[in-house]
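Take a look at the structure set out below.
Protein chains: 2
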Amino acid sequence: MTRLAIDAMGGDFAPNEIIKGTIMALSKTSNLEVILYGNRNIIDVLLKENINNNFFKNITKKIKIIHTDNFLSMDVQNLREQLRIKSDASMFLALKDANDNKVDGVISAGPSQALVLACHLFIKKFDFMKRIAFSPIYNSFDNKTRILLDAGANIDLKPENLLSFAICATVIAKELLDIKNPEIKLLNIGSESSKGRSLELETYKLLSQEKKINFCGNEEPQNLLTTTADILLSDGFTANIALKTYKGAINNLSKAFKKILTDGFWVKIISKLFFHKRIQNMKKKIDPNEVGGAMILGLKKIVIKAHGSSSAYAFCKAILQGKKLIEADVIYKTSKYFNDNNKLNVIDTN
Amino acid sequence: MTRLAIDAMGGDFAPNEIIKGTIMALSKTSNLEVILYGNRNIIDVLLKENINNNFFKNITKKIKIIHTDNFLSMDVQNLREQLRIKSDASMFLALKDANDNKVDGVISAGPSQALVLACHLFIKKFDFMKRIAFSPIYNSFDNKTRILLDAGANIDLKPENLLSFAICATVIAKELLDIKNPEIKLLNIGSESSKGRSLELETYKLLSQEKKINFCGNEEPQNLLTTTADILLSDGFTANIALKTYKGAINNLSKAFKKILTDGFWVKIISKLFFHKRIQNMKKKIDPNEVGGAMILGLKKIVIKAHGSSSAYAFCKAILQGKKLIEADVIYKTSKYFNDNNKLNVIDTN
Numbered sequence: 001m002t003r004l005a006i007d008a009m010g011g012d013f014a015p016n017e018i019i020k021g022t023i024m025a026l027s028k029t030s031n032l033e034v035i036l037y038g039n040r041n042i043i044d045v046l047l048k049e050n051i052n053n054n055f056f057k058n059i060t061k062k063i064k065i066i067h068t069d070n071f072l073s074m075d076v077q078n079l080r081e082q083l084r085i086k087s088d089a090s091m092f093l094a095l096k097d098a099n100d101n102k103v104d105g106v107i108s109a110g111p112s113q114a115l116v117l118a119c120h121l122f123i124k125k126f127d128f129m130k131r132i133a134f135s136p137i138y139n140s141f142d143n144k145t146r147i148l149l150d151a152g153a154n155i156d157l158k159p160e161n162l163l164s165f166a167i168c169a170t171v172i173a174k175e176l177l178d179i180k181n182p183e184i185k186l187l188n189i190g191s192e193s194s195k196g197r198s199l200e201l202e203t204y205k206l207l208s209q210e211k212k213i214n215f216c217g218n219e220e221p222q223n224l225l226t227t228t229a230d231i232l233l234s235d236g237f238t239a240n241i242a243l244k245t246y247k248g249a250i251n252n253l254s255k256a257f258k259k260i261l262t263d264g265f266w267v268k269i270i271s272k273l274f275f276h277k278r279i280q281n282m283k284k285k286i287d288p289n290e291v292g293g294a295m296i297l298g299l300k301k302i303v304i305k306a307h308g309s310s311s312a313y314a315f316c317k318a319i320l321q322g323k324k325l326i327e328a329d330v331i332y333k334t335s336k337y338f339n340d341n342n343k344l345n346v347i348d349t350n
Numbered sequence: 001m002t003r004l005a006i007d008a009m010g011g012d013f014a015p016n017e018i019i020k021g022t023i024m025a026l027s028k029t030s031n032l033e034v035i036l037y038g039n040r041n042i043i044d045v046l047l048k049e050n051i052n053n054n055f056f057k058n059i060t061k062k063i064k065i066i067h068t069d070n071f072l073s074m075d076v077q078n079l080r081e082q083l084r085i086k087s088d089a090s091m092f093l094a095l096k097d098a099n100d101n102k103v104d105g106v107i108s109a110g111p112s113q114a115l116v117l118a119c120h121l122f123i124k125k126f127d128f129m130k131r132i133a134f135s136p137i138y139n140s141f142d143n144k145t146r147i148l149l150d151a152g153a154n155i156d157l158k159p160e161n162l163l164s165f166a167i168c169a170t171v172i173a174k175e176l177l178d179i180k181n182p183e184i185k186l187l188n189i190g191s192e193s194s195k196g197r198s199l200e201l202e203t204y205k206l207l208s209q210e211k212k213i214n215f216c217g218n219e220e221p222q223n224l225l226t227t228t229a230d231i232l233l234s235d236g237f238t239a240n241i242a243l244k245t246y247k248g249a250i251n252n253l254s255k256a257f258k259k260i261l262t263d264g265f266w267v268k269i270i271s272k273l274f275f276h277k278r279i280q281n282m283k284k285k286i287d288p289n290e291v292g293g294a295m296i297l298g299l300k301k302i303v304i305k306a307h308g309s310s311s312a313y314a315f316c317k318a319i320l321q322g323k324k325l326i327e328a329d330v331i332y333k334t335s336k337y338f339n340d341n342n343k344l345n346v347i348d349t350n
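Sequence order for the protein chains is A and B.
Read in the numbering used here, the first sequence has 77 at position 77, and its numbers run on one by one without any break.
Read in the numbering used here, the second sequence has 113 at position 113, and its numbers run on one by one without any break.
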């Protein structure tokens, strides 16, 4: 039985969509128990509203609630202050219980940076890890799912951090995406090994020498959606720049196309008739809600960051992703990987 | 009379499109003379082919040719080697003549990195400048034209380099884009002044203190196409990542939309009837060929890098852009700006 801690109060549409998503997940899978962290009164009302037939009633047995009045707002800035004045915030309690082995993992749609920092503080890391990585998975028009890391947890990284991230992500890609020998590439401004800053030059060397990962060279960011790589490595600043640029470009071009397809009465009708369904299908292919949440890698517990704007469906996906990772025993497999590789080819780059 | 040096052999479609573009520019404007650097025989044939009526015949008087057998291929890697074995390559000769005041500026569609490096070697910089910046201008759906720099000349920069770039770009935005008080923003992963690496934190401080520029804070890259800024500042690595991500996202989404609009016989006919013209108009809005070339800023000469894939039309635009910058006397105005600001608020960040 997998036990997951759910931060019921984190997310733009919490607790409503979080509770709905949790019920959805429990109805779709067996061997799962959840603990909801948040305001018991509100959660109870939402559970009653959404569990209204006999089929769903079994689900209530699989749900526990741990009450707390406090939670982090989505625009939280000063985490240290929050730790002082809201030490019992729903996210913090969930993480603490994970570290105390009361649950196997945590799912939260709360504020990303706060979650990353709180993980740092509350959950043990692998001995080999000096940093933890924020690792979204994303899908593309080619129906391939890829992992990007670090997407924002660390703005300054060393080559050895990126090597340890590569190892964690390799295990995840094997177990979550069912890829035998995951291909890793380094995000860079050119494909040649001589391209990039000293970070990229040194990381390229280090990754090339490590035989337990499948490093396949540099990848330029115009190929983010088409790369043969299963895992794209980068420092948090660069990956964040790339992700945000991507988001902006897609949004702006989509808006421009939408205007073309809806500008005028007849045009609107024709678009609806001929293109509506096709466009919905295409949008679905790159919809981040379709692939679950971002993982926080390097920790000795599974922590999934669902999108802040998670719908019930998206949050349900994040829960199922967490369950899959726990059932596949990725924490044990990652630690085994590190232990079996005590002498990883780490070059001292200092 | 403005005299421009044209690298006739640089570009994916050189010399054909370069010669055509030059003729186009000469037919559209007066007070312009050009010197074509390249293979005289080939250029002569192309000139004859394209100047075949009396109206165009006047144009020949405004064209000189400086013969050389050598030029840089578009995939040139080792510039130092090229300098040794092809010291008379068309691009090098054009730049040397600019530095010797034989011409007022240079237009080349040759390989970008080689052009930047060759500018470094052959053309004097402003005393204040320690680096030069690669500065494309780009347009957007909102019909606003913006300058991005540094887009790849320097992968490592200091805050004071970015300040000097901000000053050069301010003069360009005033004179080329006719903007009274150009707004400058710093590309960053967050809008707050506390966001980013030490480069962004220190640059933010430095730019805030300089009263002769209109610094308006950080800009996140999802707003690349919608920012109120006229000038976006960044280091060459980051800007290159953003530009390439943008290019990839637009290409991939455009392909996906194209598939939707052309998949099937009737769909194709309907798309052609209702949407073809609108889509062409939208594409034109973000077509880099519409805005001229990238400028290489910090030099005491105007150097324009036209797109490698320049059509005649795009190359003509780059020539007219160069002419406008020369006629507006931006080199003098920039040097005056630096001289009038001998005590720029440069903080020693070392």
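Glycine is no exception: its CB is placed at the ideal position from the N, C-alpha and C atoms.
With 16 other Cβ atoms within 10 Å as the buried cut-off, status of residue i
i, result
"E34 (chain A)", "First, the residue type needs correcting, since residue 34 (chain A) is Val and not Glu in the sequence shown. By the neighbour-count rule (16 or more Cβ atoms within 10 Å), V34 (chain A) is buried."
"T349 (chain A)", "At T349 (chain A), the pLDDT of 36 sits below 50, so the modelled position is not reliable and the matter cannot be decided from this model."
"G196 (chain A)", "buried"
"T228 (chain A)", "exposed"
"M91 (chain A)", "buried"
"R3 (chain A)", "buried"
"F265 (chain A)", "exposed"
"K323 (chain A)", "buried"
"E49 (chain A)", "exposed"
"Y246 (chain B)", "buried"
"K305 (chain B)", "buried"
"N339 (chain A)", "exposed"
Span separating the alpha-carbon of residue i from that of residue j
i, j, result
"K244 (chain A)", "Q222 (chain B)", "5 Å"
"G298 (chain A)", "L232 (chain A)", "16 Å"
"S335 (chain A)", "V106 (chain A)", "19 Å"
"N286 (chain B)", "A242 (chain B)", "Rather than Asn, the amino acid found at residue 286 (chain B) in this sequence is Ile. So the two alpha carbons sit approximately 16 Å from each other."
"D142 (chain B)", "D230 (chain B)", "13 Å"
"F13 (chain A)", "G308 (chain A)", "8 Å"
"I179 (chain A)", "I167 (chain A)", "14 Å"
"I85 (chain A)", "T226 (chain B)", "39 Å"
"E220 (chain A)", "S234 (chain B)", "18 Å"
"S198 (chain B)", "F237 (chain B)", "15 Å"
"A294 (chain B)", "G38 (chain A)", "54 Å"
"L224 (chain A)", "I184 (chain A)", "13 Å"
"V353 (chain B)", "P15 (chain B)", "Residue 353 (chain B) is absent from the structure shown; chain B starts at 1 and stops at 350."
"E202 (chain A)", "E202 (chain B)", "26 Å"
"E327 (chain A)", "K268 (chain B)", "48 Å"
"D7 (chain A)", "S112 (chain B)", "50 Å"
Best match in the options for proximity to residue i [C-alpha to C-alpha]
i, options, result
"I23 (chain A)", "A:L4, A:T60 and A:K174", "A:T60"
"I296 (chain A)", "A:I18, A:A153, A:A314 and A:F265", "A:A153"
"V303 (chain B)", "B:F13, B:A14 and B:A118", "B:A118"
"E17 (chain B)", "B:I319, B:F265 and B:K180", "B:I319"
"L72 (chain B)", "B:Q82, B:I65, B:K64 and B:A328", "B:Q82"
"G110 (chain A)", "A:M1, A:V267, A:Q280 and A:G10", "A:G10"
Residues of its chain near residue i, where Cβ-Cβ distance is below 6 Å and the 5 sequence neighbours each way are ignored
i, result
"L352 (chain B)", "As shown, chain B starts at 1 and ends at 350. That puts residue 352 (chain B) outside it, with no answer to give."
"K333 (chain A)", "V171"
"I19 (chain B)", "L46"
"C316 (chain B)", "G21, M24 and A25"
"L157 (chain A)", "D235"
"D97 (chain A)", "A5 and V103"
Cβ shell of residue i (< 7 Å), same chain only, five flanking positions each side left out
i, result
"N139 (chain B)", "T145, K285, I286, E290 and V291"
"F56 (chain A)", "I23 and S27"
"K62 (chain B)", "L26, L32, E33 and V34"
"T29 (chain A)", "L320 and K323"
Close-in-space but distant-in-sequence residues of the same chain around residue i (CB under 8 Å, 5 per side omitted)
i, result
"V330 (chain B)", "V171, I172, E175, L176 and I302"
"K125 (chain A)", "I132, G298, L299 and K300"
"N218 (chain B)", "K185, L186, L187, N188, G190, S191, E192, S193, K195, G196, E200 and Y204"
"L67 (chain A)", "Looking at the sequence itself, residue 67 (chain A) is His, so the reference to Leu does not match. Closer than 8 Å at the Cβ level, and outside the excluded window around H67 (chain A), lie G38, N39 and R40."
### Query
What residue ranges within the stretch 246 to 295 of chain A form continuous alpha helix (DSSP H) runs of no fewer than 4 residues, ordered along the chain?
265 to 274 and 276 to 285
### Positions along the stretch 240 to 252 of chain B whose CB lies within less than 9 Å of some CB in chain D
Here chain D cannot be found, since the structure's protein chains are A and B.
### Task
Ignoring anything shorter than 3 residues or poking outside the stretch 98 to 160 of chain A, list the beta strand (DSSP E) runs there in chain order.
Counting whole runs of 3 or more residues, the stretch 98 to 160 of chain A contains the beta strand (DSSP E) stretches 105 to 108, 133 to 135, 137 to 139 and 145 to 149.
### Task
Return the chain-ordered ranges of every alpha helix (DSSP H) run that is complete within the stretch 191 to 226 of chain A and spans a minimum of 4 residues.
198 to 209
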